[in-house]
Amino acid sequence: MTDCPQPDPLQVEKERQFRPGRANYFENVFLTYRMPVLRGKYSLAIESGLTLFEEYRASGAADFDQQHKGSPYYVMGYAAFASHDYPAASLMFDAAVAEDLRLSGGSADTPALRFMRLEDRGQEVLASQIVRDIIQSAEDLIRNYNARADARPITLDELRTWFLSPLISSVDAHKRTLITAFISFIAERKYRSRLIDLVANGSREPFFFISSGDASCLRAS
Numbered sequence: 406m407t408d409c410p411q412p413d414p415l416q417v418e419k420e421r422q423f424r425p426g427r428a429n430y431f432e433n434v435f436l437t438y439r440m441p442v443l444r445g446k447y448s449l450a451i452e453s454g455l456t457l458f459e460e461y462r463a464s465g466a467a468d469f470d471q472q473h474k475g476s477p478y479y480v481m482g483y484a485a486f487a488s489h490d491y492p493a494a495s496l497m498f499d500a501a502v503a504e505d506l507r508l509s510g511g512s513a514d515t516p517a518l519r520f521m522r523l524e525d526r527g528q529e530v531l532a533s534q535i536v537r538d539i540i541q542s543a544e545d546l547i548r549n550y551n552a553r554a555d556a557r558p559i560t561l562d563e564l565r566t567w568f569l570s571p572l573i574s575s576v577d578a579h580k581r582t583l584i585t586a587f588i589s590f591i592a593e594r595k596y597r598s599r600l601i602d603l604v605a606n607g608s609r610e611p612f613f614f615i616s617s618g619d620a621s622c623l624r625a626s
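According to the numbering used here, the sequence shown is numbered sequentially starting from 406.
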């Protein structure tokens with residue numbers, strides 16, 4: 406049995422003394438949500454991250470909106486994906502992107518932005534495998550589309566160039582909703598299709614997000 410990961414005592418002491426209001430607070434106080442991820446307790450990681458934000462706001466520190474929160478949002482996004490809560494995951498990753506864009510502008514090259522662009526550069530970060538899985542699923546969908554009669558062939562690179570990148574850099578942040586919906590659909594589609602195959606005669610409520618046309622692509626009717 407693998408030993409349960411334990412926090413670094415020096416980091417524990419550092420976080421105990423690191424008070425709300427100090428610069429880069431959320432880059433220095435992270436054990437509360439990262440340790441549950443290392444222990445495979447993903448729902449606890451999300452809850453702990455939310456509690457950390459709520460406690461910061463309740464502390465009286467007036468700079469919550471100015472503090473960079475990219476790291477906790479990114480880790481919480483990973484935890485939500487690992488919990489199969491894909492809409493929450495996309496929300497968290499988008500929040501991380503917003504933080505990174507606010508801090509570094511459109512030229513930022515962070516794990517959250519690479520996630521949103523569906524880019525895998527071989528750099529091992531927390532969500533690397535998730536990105537690879539989504540890329541594979543996106544390429545499968547693209548091949549399915551390209552094989553249809555009268556389809557205008559498209560590639561994943563073209564999708565990045567003409568859809569993902571422009572929306573990410575748009576001054577209208579709400580347009581990223583199209584990206585998060587797209588990524589959520591790709592990720593959730595594969596998972597839901599497995600559930601359909603297992604429980605063919607049960608409730609269809611969890612699968613209403615899939616249109617009848619999409620469902621026919623997932624499994625034989």
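Glycine included, every Cβ here is placed at the ideal spot set by N, Cα and C. Since the model is a prediction, treat every value here as computed from it, not as a measurement.
- Here phenylalanine 486 carries a helix assignment [DSSP, helix/strand/coil].
- Pairwise C-beta distances place the stretch 488-499 out of contact with the stretch 457-476, as fewer than three of them are shorter than 8 angstroms.
- The C-alpha of serine 476 lies about 15 angstroms from the C-alpha of glutamate 452.
- Counting only residues of its own chain and dropping the five nearest sequence neighbours on each side, leucine 449 has a CB closer than 7 angstroms to the CB of Pro441.
- For isoleucine 540, the CB contacts under 8 angstroms within the same chain, skipping 5 residues up- and downstream, are Leu523, Asp525, Leu561 in chain order.
- In this structure the stretch 573-586 does not touch the stretch 525-538; the number of beta carbon pairs closer than 8 angstroms is below three.
- Here glycine 426 is not near aspartate 470, since their CB atoms are 8 angstroms or more apart.
- The beta-carbon distance between alanine 487 and tyrosine 447, rounded to whole angstroms, is 4 angstroms. This is short enough to meet the 8 angstroms contact definition.
- Counting only unbroken stretches of 4 or more residues, the alpha helix (DSSP H) elements lying wholly within the stretch 448-511 are 475-487, 491-509, in sequence order.
- Around the beta carbon of valine 502, 16 or more other beta carbons lie within 10 angstroms, which makes this residue buried.
- Going by beta carbons, methionine 481 and isoleucine 584 fall outside the 8 angstroms limit.
- The C-alpha of leucine 600 lies about 10 angstroms from the C-alpha of arginine 594.
- When secondary structure is reduced to three states using DSSP, glutamine 541 falls in the helix class.
- Around the beta carbon of serine 512, fewer than 16 other beta carbons lie within 10 angstroms, which makes this residue exposed.
- With respect to leucine 436, proline 412 sits close: the two C-beta atoms are nearer than 8 angstroms.
- Within the model, the alpha-carbon separation for alanine 592 versus glycine 445 is close to 20 angstroms.
- Secondary structure at asparagine 551: helix, using DSSP grouped into helix, strand and coil.
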